[in-house]
Amino acid sequence: MFKRREKLTTQEKLREWVFPVSGWRRVSIYQWRRLQRLNATPHSVALGFAIGVYMSFSPFVGFHLALSGLFAWLFRGNIFASMLGNILGNPVTYPLMWAADYATGNFLLGKHGGGVTPELTLSGLFSGAWDFFLPFMVGSVLVGLIASIIFYFPVKAGISRYQITRQSRLTRNAVLVKSLKLPPQGIETQ
Numbered sequence: 056m057f058k059r060r061e062k063l064t065t066q067e068k069l070r071e072w073v074f075p076v077s078g079w080r081r082v083s084i085y086q087w088r089r090l091q092r093l094n095a096t097p098h099s100v101a102l103g104f105a106i107g108v109y110m111s112f113s114p115f116v117g118f119h120l121a122l123s124g125l126f127a128w129l130f131r132g133n134i135f136a137s138m139l140g141n142i143l144g145n146p147v148t149y150p151l152m153w154a155a156d157y158a159t160g161n162f163l164l165g166k167h168g169g170g171v172t173p174e175l176t177l178s179g180l181f182s183g184a185w186d187f188f189l190p191f192m193v194g195s196v197l198v199g200l201i202a203s204i205i206f207y208f209p210v211k212a213g214i215s216r217y218q219i220t221r222q223s224r225l226t227r228n229a230v231l232v233k234s235l236k237l238p239p240q241g242i243e244t245q
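Right under this line is the structure:
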């Protein structure tokens, strides 16, 4: 019912993912509305979102969604919210996130932070990979933790505020409908 008449090519899908036709603002508002309407406690939604943000900083590229879903399930966070939290990691933000992870890891490990230039051999590639991966992994723990804490509290407050407003609106509408004393739907009156 809600499918496109003409399917997008892989190249068009990739372009739409990086640069949405409707704009990043509209996509962000749409995702925020989806997050607000989740049928879960504000803590569960915020925890799931924070786990998704944390996992988007991890060096395990390709496993972010699976890991965030797993950890959201383990910590009883909302799994769908964790998937939305992963949106923070996208082709535009990954270079900045990875640079922050690597620099923080080098700082925490007491390394000088010079560039990694492995030899152009298979053994040189793997030895250089560990010199890069260790600071990246150590840095991602701290940077991801800070980012997830920063996102947890505003998301929890926003979801809580939305749920309270929605509940009061539903109650107000129910009282209004009851005061009108309308006949039940589906029953014809003469």
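For what it's worth, this note's numbering labels the leading residue of the sequence shown as 56, then goes sequentially.
Glycine included, each C-beta is placed from N, C-alpha and C at the ideal position.
Ala95 (DSSP reduced to helix, strand or coil): One-based indexing of the sequence shown puts residue 95 at position 40. Residue state, collapsed to three classes: coil.
Pro173 in three-state terms, based on DSSP: Locating residue 173 in the sequence shown gives position 118, counting from the first residue. For Pro173, the predicted structure reports a pLDDT of 49, less than 50, and the residue's modelled location is therefore unreliable. The matter cannot be settled from this model.
Alpha carbon to alpha carbon, how far is Lys132 from Arg92? Stepping through the sequence shown from its first residue, residue 132 is reached at position 77. Stepping through the sequence shown from its first residue, residue 92 is reached at position 37. Just to set this straight, residue 132 is Gly in the shown sequence, not Lys. About 15 Å.
For Thr65, which residues in the same chain have their Cβ closer than 8 Å to its Cβ, ignoring the five residues on either side in sequence? Locating residue 65 in the sequence shown gives position 10, counting from the first residue. Correct list: empty, nothing qualifies.
Option nearest Val147 by Cα separation, candidates Val210, Val73 and Val232: Walking along the sequence shown from the start, residue 147 turns up at place 92. That would be Val73, whose Cα lies nearest to the Cα of Val147.
Determine the DSSP secondary structure at His167, reduced to helix, strand or coil. Looking up residue 167 in the sequence shown gives position 112. Taken through DSSP and simplified to helix, strand or coil, His167 comes out as coil.
Quick one, which of Trp128, Ser203, Asn145 and Ile204 has its alpha-carbon nearest Arg70's? Taking the first residue of the sequence shown as 1, we reach residue 70 at position 15. Here the closest residue by C-alpha is Asn145.
So, Gly103 versus Ser137, is the Cβ gap smaller than 8 Å? Stepping through the sequence shown from its first residue, residue 103 is reached at position 48. Stepping through the sequence shown from its first residue, residue 137 is reached at position 82. Yes, the Cβ-Cβ distance between Gly103 and Ser137 is below 8 Å.
Going by the CB atoms, is the gap between Ala127 and Ile106 shorter than 8 Å? On the sequence shown, position 51 is the one that residue 106 refers to. On the sequence shown, position 72 is the one that residue 127 refers to. It is a contact, given that the beta carbons lie within the stated cut-off.
Helix, strand or coil for Asn133 per DSSP? Within the sequence shown, numbered from 1, the residue matching residue 133 stands at position 78. In the structure shown, the three-state DSSP call for Asn133 is coil.
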